[in-house]
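Trainee: Let me begin by handing over the structure; questions about it come next.
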Amino acid sequence: MLAGVPACLPVCVMVFTLLGACASENQTTVSSTQEVAQPVPPSPPPPAPEPPPPPKQEEMVAQAAAPPEDPLAWAADLADAHFDYDQAKIRKEDRAVLDAVAHKLKDDAKRKVLVEGHCDSRGTSNYNMMLGERRAKAAKQYLVKAGVPASQIEVVSYGKEKPLCMETTDECFQNNRRTHFTAQ
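If you want this note's numbering, it's the position in the sequence shown, counting the first as 1, plus 8.
Okay, structure coming up:
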């Protein structure tokens with residue numbers, strides 16, 4: 009036989025193999041006398057909440073008369089006020105524009121407006137930022153004198169950074185010298 013392996017080893021392996029093959033499987037059987045648990049039916053869903061009553065006619069009229077909540081829609085019909093070259097003085101022909109803005113702000117005391125001061129491309133960026141601020145402040149001052157609370161108005165200057173027109177014509181320069189009104 010093999011050196012170092014006891015002679016009984018092959019016999020032991022065969023005996024254990026036979027015992028393992030003859031072993032009975034452990035099976036669990038269910039007695040027919042045992043009760044099987046029945047599934048519990050799901051509980052019915054809670055009743056749906058009652059719908060709210062229809063709005064009263066007064067509420068519908070108030071909602072129809074209320075200004076739109078969308079700031080873009082609110083400011084859509086506001087025109088820009090324009091300025092002469094190197095000026096921050098409100099022109100006579102642009103007072104009607106500012107009067108319309110004042111009227112809308114007085115009608116909607118919750119609404120705020122941002123007055124943007126703009127310039128044409130001539131001049132330095134620093135100078136145009138200051139000029140744009142003077143234009144925005146002049147428009148704010150006009151609105152306050154027209155009865156709009158100053159707390160409804162904010163100002164910002166964009167100088168020559170946001171032109172409407174990129175051409176170098178007098179008409180284009182004039183369109184860029186403006187105050188623009190954005191609802192907030």
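All C-beta atoms, glycine included, are put in the ideal place defined by N, C-alpha and C.
Can you tell me where the alpha helix (DSSP H) with residue 179 in it begins and where it stops?
Mentor: If you number the sequence shown from 1, residue 179 lands on position 171. Start and end: 178 to 184.
Trainee: Starting from the Cα of residue 86, find the closest Cα among 110, 150, 98 and give me that residue.
Mentor: Locating residue 86 in the sequence shown gives position 78, counting from the first residue. Out of 110, 150, 98, 110 has the C-alpha closest to the C-alpha of residue 86.
Trainee: Report the three-state DSSP secondary structure of residue 165 (helix, strand or coil).
Mentor: Within the sequence shown, the letter at position 157 stands for residue 165. The answer is strand: DSSP assigns residue 165 an E or B state.
Trainee: Can you check which of these residues, 138, 139, 160, is closest to residue 197 by C-alpha distance?
Mentor: Since the first and last residues shown for the chain are 9 and 192, residue 197 lies out of range.
Trainee: Give me, in chain order, the residues of the same chain whose beta-carbon lies closer than 8 Å to that of residue 184; leave out the 5 immediate sequence neighbours on both sides.
Mentor: On the sequence shown, residue 184 is found 176 positions in, with the first residue counted as 1. Taken in chain order, the residues that qualify are 126, 127, 128, 129, 168, 171, 172, 173.
Trainee: So residue 140 is in the beta strand (DSSP E); what residue range does that whole segment cover?
Mentor: Indexing the sequence shown from 1 puts residue 140 at position 132. Residue 140 -> not in any beta strand (DSSP E); alpha helix (DSSP H) instead, spanning 133 to 153.
Trainee: Against chain C, does residue 126 count as a neighbour if the rule is that its beta carbon must be under 8 Å from one of theirs?
Mentor: Given the protein chain composition of this structure (a single chain), no chain C is represented.
Trainee: Which residue comes first and which comes last in the alpha helix (DSSP H) that contains residue 105?
Mentor: Reading the sequence shown from its first residue, position 97 is the one you call residue 105. Its alpha helix (DSSP H) spans residues 103 to 115.
Trainee: Return the CA-CA distance between residue 107 and residue 154, expressed in angstroms with no decimal places.
Mentor: As a working mapping, residue 107 is identified with position 99 in the sequence shown. As a working mapping, residue 154 is identified with position 146 in the sequence shown. If you take the alpha carbons of residue 107 and residue 154, they lie about 7 Å apart.
Trainee: Here's the rule: buried if 16 or more other CB atoms are within 10 angstroms of the residue's CB, otherwise exposed. What is residue 164?
Mentor: On the sequence shown, position 156 is the one that residue 164 refers to. Exposed, because fewer than 16 other Cβ atoms sit within 10 Å of the Cβ of residue 164.
Trainee: State the start and end residues of the unbroken beta strand (DSSP E) segment that holds residue 156.
Mentor: For the purposes of this step, residue 156 is taken as the residue at position 148 of the sequence shown. From DSSP, residue 156 is part of no beta strand (DSSP E); its letter is neither H nor E.
Trainee: Smallest Cα separation from residue 95: which of 182, 57, 112, 133?
Mentor: Taking the sequence shown and counting its residues from 1, one reaches residue 95 at position 87. Of 182, 57, 112, 133, the residue nearest in Cα terms is 182.
Trainee: Leaving aside the five residues before and after residue 156 along the sequence, list all residues of the same chain whose C-beta is less than 7 Å from its C-beta, in chain order.
Mentor: As a first step, residue 156 must be located in the sequence shown, where it is residue number 148. Closer than 7 Å at the Cβ level, and outside the excluded window around residue 156, lie 110, 113, 114.
Trainee: Rounded to whole angstroms, what is the Cα-Cα separation between residue 118 and residue 131?
Mentor: As a first step, residue 118 is located in the sequence shown; it is residue number 110 there, counting from the start. As a first step, residue 131 is located in the sequence shown; it is residue number 123 there, counting from the start. Looking at the two C-alpha atoms, the distance is approximately 38 Å.
Trainee: Going by C-alpha distance, which of 123, 91, 191, 47 is nearest residue 166?
Mentor: Sequence index remark: in the sequence shown, residue 166 carries index 158 (1-based). Of the listed residues, the one whose Cα sits closest to residue 166 is 123.
Trainee: Taking the CB atoms as reference points, tell me whether residue 104 and residue 98 lie closer together than 8 Å.
Mentor: The residue labelled residue 104 in the question sits at position 96 within the sequence shown. The residue labelled residue 98 in the question sits at position 90 within the sequence shown. Not in contact: residue 104 and residue 98 (Cβ atoms no closer than 8 Å).
Trainee: Return the bridge partner residues of residue 124 from the DSSP annotation.
Mentor: Position 116 of the sequence shown holds residue 124. In DSSP, residue 124 forms a bridge with 164, 188.
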